[in-house]
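Visitor: If you're matching them up, the sequences are chains A and B in order. Here the first sequence is numbered in my numbering, starting from 4 and rising by one per residue. Here the second sequence is numbered in my numbering, starting from 557 and rising by one per residue.
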Amino acid sequence: MPVLFPHGVVASQESALIVQATLLMLIVALPVFFLLFYFAWRYRASGRGRHMPNWSHSRFDELIWWAVPIEIILVLGALTWTSTHMLDPHKPLSPAGDAMVVQVVALPWKWLFLYPQYGIATLNFVEIPTQTPVEFQITADAPMNSFWVPALGGQIYAMPGMINPLRLSADSPGDYHGVSANYSGAGFADMHFNLRAASRDDFDTWVASVRKGKGVLSAPVYSALRVPGVAATVAYARVQRGLFDRIVGQFLDAGSPMRH
Amino acid sequence: MNFFGTLSIDSFVQTSAVAMGAQVFVIVAATGGVLWLIFSGTLDWLWREWLTSLDHKRIGVMYLILAGIMGVRGLADATLLRTQQATAALPSSGYLSAEHFAEIFSAHGVIMIFFVAMPLIFGLINLVIPLQIRSRDVAFPFLNSLSLWLTVAGALLVNASLVVGQFSAAGWLPYPPLSELAFSPGVGVDYYIWALQIAGVASLISAINFLTTIITMRTHGMRLMHMPMFTWTTLGSMLLVLFAFPLLTVVLALLFFDRALGMHFFTSTLGGNPMMFVNLIWAWGHPEVYILVLPLFGVFSEVVPTFSHKKLFGYTSMVVATMAITALSFLVWVHHFFTMGAGANVNAVFGIATMAIAIPTGVKIFNWLFTMFRGRIVFKTPMLWFMGFVSTFVIGGMTGVLLSIPGADYQLHNSVFLVAHFHNMIIGGVVFGFFAGFTYWFPKFAGFTLDERLGKWAFWLWVTGFLVAFMPLYALGLMGMTRRLYVVDPSWQPLLIVAAVGLAIILAAVAVQIAQLVVSVRNRERLHAGHNPWGSHAPEWAPLPPVDRTHNTGVAMCIGALAFLGGFGMVWHMWWLAILALAVSAVLFILPPFKHV
Ligand code: HEM
Ligand SMILES: [Cu+2]
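Following this line, the structure appears as structure tokens:
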């Protein structure tokens, strides 16, 4: 269960939030279950409970069950306010702005990853260093989708003409499942990817090996990717300059892409 | 210009065996039904007594029949989805293609919401509201009949897509850009749009009708704070329809302009904005779920006091809570797209507003529980449905509050956890609530009660089936399984098989319910009930003065038929047909000789 037993700092906070909120709600839910079955048993027609057919109002009792849920919701509301700001996907994980950037394009029906700091790109798999804040800059050149790696943290929509940032980081090396979460057409179910988190050294070695490869993500190669269909994994040693900005900007007549 | 628009012989060609089977089935069932009606001589009786009736009770029954028929279709779709997911663990890809699977989940969602759940509540409302406020009928009997037949027209359009062309494959809410012409070039989305436009207008007319009825036609001396709870919750629900459905109409019209006229409201290009569609459709969509569930809250407020032999606890609180839910349900729609990337302030505010709805809902539950307290509870089936409702609804409520916390939603959104949550609310709340109300009010209209033994069997099978079918989905969601997958990861398969077994149990429950109806009709002498079999104090149970026969008119049904033709014309770009149908409907509607309002 990657959502409850995650491998990233964001997902850990999110799973803690899920558990905490569930426990809080049980304060109301358990009494409801208890009272439901207790009353059902105690006041059944053949039971021994007192029958008071006209007892239908008690200001004090009603005050209690307006007040108790209100209290719980106040606490949950405070939790929501702080957690929503803490887990805001747009908020940098580290103040220094030293995050590694991965640009993500949801294509029909493949995921393309560009690594602007390294000049490489990968299709249908992505590799990141562990213990490093990563900023995914997510867009789509296809129907809207949603980028989700459950083991590392929550999702965000991938939409044409927009860049949606999502900050994640992996605690420990491993292979994590990445999925499309928003239905995007017939190839949707086949559109997933592997995210490999590797130690810094292994990651650097991997980057070097990709750079030695031959594949180039040029405009024609990219155009072929836009044709609907599924694809295998590919690594590109070089990427045409300015490709990502053109992908985002193609939907606009002028001006810069909308940023969230 | 082509006489047949975009329609051609090829439009009748279905590509897969399952789709061909459905096509043949619909054609055979439709022609068989019509032939039987003509040759068995029932048509005349049916026309006189039912199809042209303006009597709210008969209209109510026809709504329920529509819901029943479409419910069979919705369950058949659910069976296809469940068996596909249970068998399609990679490398196997099951027996449905990706496209067909998408068409089926879209049709299942649309049918269940618009043509099962909505007719169920409108059926109950039609049957009960006039009796409960002790008025002769609804305010506008002709419009009432019109609503029914427009709803039927919408349902027929959905089924027509099985025969000619195909249905939408873009989900029950067709998000652009996927639903735009560029990515959904077929007629599927157009069928969706016109089926819902027609049914949507029907709902809006009904809302106006019932609001007017409740506000102006209550019996002498029934002040607002004397109204029975079912009337109150219906009032809330109809207010929501009144304010929400125009949004649906507009947003679907804009989508159609994009598709048919090449406009750019929701495209990604030329200044269109798909996010606007998502925003607008949910501004209708969230109130919609409360439109469905509020009347059933009212049902429980009638059932619990009756079977606890006690007055409803905290009537005033109940009214306040109902109205609070009505108002709040307009302020929370953003929780359906926390993951779109709005800022933390926006998400947090809408998250907190959402969980605030849990407060009045919790109060309602406590009031029902304290109605049982110091009561003398008899566990007839309606009361059992209440027990089933609370037991399941509380689970759904908790997962709902979880989904309303943005930080948690990022991990749960669009997963099958969400699918489990909304089925939890709809089946536990709307479906169980309907069964409670149906069993409870049945003797009022039929003169005999439903068989208790089979009713209890159905209850236990439904509750078990529901838990077995949907609890695994919560776990699967936490395992990272997203919704709408036609092939799945092998590690999910065991739980998906469990879910399929759950559906089998639900199907058994439905079979028992059909048997219950048949057996009860057969034993109606023995099950004969007086005018108030449960000993309720609610006004609808008191004997009513006999109603003088309302007059009949076939005009509403004709307009319904024209709406179907007009919708069909729109789908296939046969503009002349659409315009003609609209013009003739307008004439029928306006001209004095046909006026039967
Ligand atoms: C009675 C048993 C039912 C079963 C077994 C069932 C099963 C399913 C399944 C398997 C899906 C697809 C899940 C996925 O996307 O992975 C689904 C979707 C859905 N169901 Fe049901 N369902 C049932 C009843 C209902 C009812 C009563 C309603 C509403 C009144 C309903 C409304 C929906 C909706 C709105 C969707 C979403 C469709 C979409 O993704 O666009 N279902 N259901
Ligand atoms: Cu909602």
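Where is the CB? At the ideal position from N, CA and C, for every residue including glycine.
Straight-line CA distance for B:Leu702 to B:Met576?
Guide: Cα to Cα, the separation comes out at about 33 Å.
Visitor: So, at 6 Å on beta carbons, what are the nonlocal neighbours of B:Gly744 in its own chain, with the 5 sequence-adjacent residues on each side left out?
Guide: Excluding positions up to five away in sequence, the list reads Gln722, Phe723, Ser724, Ala725.
Visitor: Using the Cβ count rule (16 or more neighbours within 10 Å means buried), how would you classify A:Lys94?
Guide: Label assigned to A:Lys94: exposed.
Visitor: Would you say the segment 924 to 935 of chain B touches the segment 860 to 867 of chain B, given that touching needs at least three Cβ pairs under 8 Å?
Guide: At 8 Å Cβ cutoff, the stretches touch.
Visitor: Exposed or buried, A:Ala211, counting other C-beta atoms within 10 Å across all chains shown (16 or more means buried)?
Guide: Exposed is the call here.
Visitor: Taking Cβ positions, are B:Arg1080 and B:Ser971 nearer each other than 8 Å?
Guide: Not a contact, by the Cβ cut-off of 8 Å.
Visitor: Closer than 7 Å, Cβ to any Cβ of chain A: which residues of the segment 895 to 913 of chain B, in chain order?
Guide: Answer set for the segment 895 to 913 of chain B: Thr895, Met896, Gly897, Ala900, Asn903, Ala904, Gly907, Ile908, Met911, Ala912.
Visitor: Assign A:His195 to one of three DSSP states: helix, strand, or coil.
Guide: A:His195: strand per DSSP, three-state reduction.
Visitor: Give the DSSP-derived three-state secondary structure of A:Pro265 in the structure shown.
Guide: What is shown of chain A runs 4 to 263, which leaves residue 265 of chain A out entirely.
Visitor: List, in chain order, every chain A residue whose beta-carbon is nearer than 8 Å to that of B:Lys1012.
Guide: Here the premise fails: no neighbours, minimum Cβ distance about 15 Å.
Visitor: Per DSSP, what kind of secondary structure is B:Met781 in: helix, strand or coil?
Guide: The answer is helix: DSSP assigns B:Met781 an H, G or I state.
Visitor: Given this structure, state the Cα-to-Cα distance separating B:Gly589 from B:Gly616, to the nearest angstrom.
Guide: Near 22 Å, if we compare the C-alpha coordinates of B:Gly616 and B:Gly589.
Visitor: What does DSSP give as the partner residue(s) for B:Trp1097 in the beta ladder?
Guide: In DSSP, B:Trp1097 forms no bridge with anything.
Visitor: Alpha carbon to alpha carbon, what distance is there between B:His656 and B:Leu1059?
Guide: Each residue's Cα considered, the two are about 20 Å apart.
Visitor: By Cβ distance, which residues of its chain are closer than 7 Å to B:Ala634, with the 5 residues on each side in sequence left out?
Guide: For B:Ala634, where only same-chain residues beyond five positions count, the Cβ hits under 7 Å are His664, Leu1059.
Visitor: So which of B:Ser649, B:Pro741, B:Phe786, B:Phe739 has the shortest CA-CA distance to B:Val684?
Guide: Taking only the C-alpha atoms, the option nearest B:Val684 is B:Phe786.
Visitor: Leaving out five residues on either side along the sequence, give the residues of the same chain with a beta carbon under 6 Å from the beta carbon of B:Leu760.
Guide: Excluding sequence neighbours, B:Leu760 sits near Phe801.
Visitor: If you compare alpha carbons, which of B:Leu1147, B:His1129, B:Ala1142 is closest to B:Ser564?
Guide: Comparing Cα positions, the closest option is B:His1129.
Visitor: Along chain A, in chain order, which residues have C-beta atoms closer than 9 Å to that of B:Tyr996?
Guide: None at all; the shortest Cβ gap to chain A is about 17 Å.
Visitor: Might you give, ordered along the chain, the residues of its own chain that have their beta carbon closer than 7 Å to the beta carbon of B:Met831, omitting 5 neighbours on each side?
Guide: Closer than 7 Å at Cβ, skipping near neighbours: Met896.
Visitor: Give a yes or no on whether the C-beta atoms belonging to A:Ile123 and A:Val237 are separated by under 8 Å.
Guide: Not closer than 8 Å, so no.
Visitor: Would you verify that the beta carbon of B:Asn980 is, or is not, closer than 8 Å to some beta carbon of chain A?
Guide: So no, B:Asn980 is outside the interface.
Visitor: Here's the rule I'm using: 16 or more other beta-carbon atoms within 10 Å means buried, otherwise exposed. How should A:Ala257 be labelled?
Guide: No answer about A:Ala257 holds up, because its pLDDT of 45 lies below 50 and its placement is not dependable.
Visitor: Taking 8 Å as the threshold (beta carbon to beta carbon), is B:Arg779 in contact with chain A?
Guide: Cβ-Cβ to chain A under 8 Å: no for B:Arg779.
Visitor: What would DSSP say about A:Gln120, mapped onto helix, strand or coil?
Guide: DSSP places A:Gln120 in coil when its eight states are reduced to three.
Visitor: Where does B:Asn558 fall in DSSP's three states?
Guide: Looking at B:Asn558 - three-state DSSP - the assignment turns out to be coil, as it is neither helix nor strand.
Visitor: With a threshold of 7 Å (Cβ to nearest heavy atom), would B:Val845 be considered close to ligand 2?
Guide: For ligand 2, at least one heavy atom lies less than 7 Å from the Cβ of B:Val845.
Visitor: With a CB to CB cut of under 7 Å and the five nearest residues on each side skipped, what residues in its chain are close to A:Gln1?
Guide: Summary: the structure shown does not reach residue 1 of chain A, with chain A confined to residues 4 through 263, and so no result is reported for it.
Visitor: Which stretch, first to last residue, makes up the beta strand (DSSP E) that contains B:Ile983?
Guide: Careful: B:Ile983 lies outside any beta strand (DSSP E) and carries neither H nor E.
Visitor: Using CA coordinates, which residue listed in B:Phe990, B:Leu1133, B:Phe1022, B:Gly944 is at the minimum distance from A:Phe36?
Guide: Answer by Cα proximity: B:Gly944.
Visitor: Closer than 8 Å is the cut-off here; do at least three beta carbon pairs connect the segment 869 to 881 of chain B with the segment 907 to 921 of chain B?
Guide: A contact exists between the segment 869 to 881 of chain B and the segment 907 to 921 of chain B.
Visitor: Shorter than 8 Å from the beta carbon of B:Tyr966 to some beta carbon of chain E?
Guide: Of the protein chains in the structure, A and B, none is chain E.
Visitor: Determine whether the Cβ of A:His88 lies closer than 8 Å to any Cβ atom of chain B.
Guide: Yes, contact with chain B.
Visitor: My output table needs one value for B:Val1153: the three-state DSSP class, helix, strand or coil.
Guide: Note that B:Val1153 scores a pLDDT of 47, beneath 50, so its modelled location is shaky and nothing firm can be said.
Visitor: DSSP three-state label for B:Asn1108, please.
Guide: Reduced to three states, the DSSP call for B:Asn1108 is coil.
Visitor: Would B:Ile681 pass as a contact of B:Pro851 if the rule is Cβ separation under 8 Å?
Guide: Yes, the pair counts as a contact, with Cβ atoms nearer than the cut-off.
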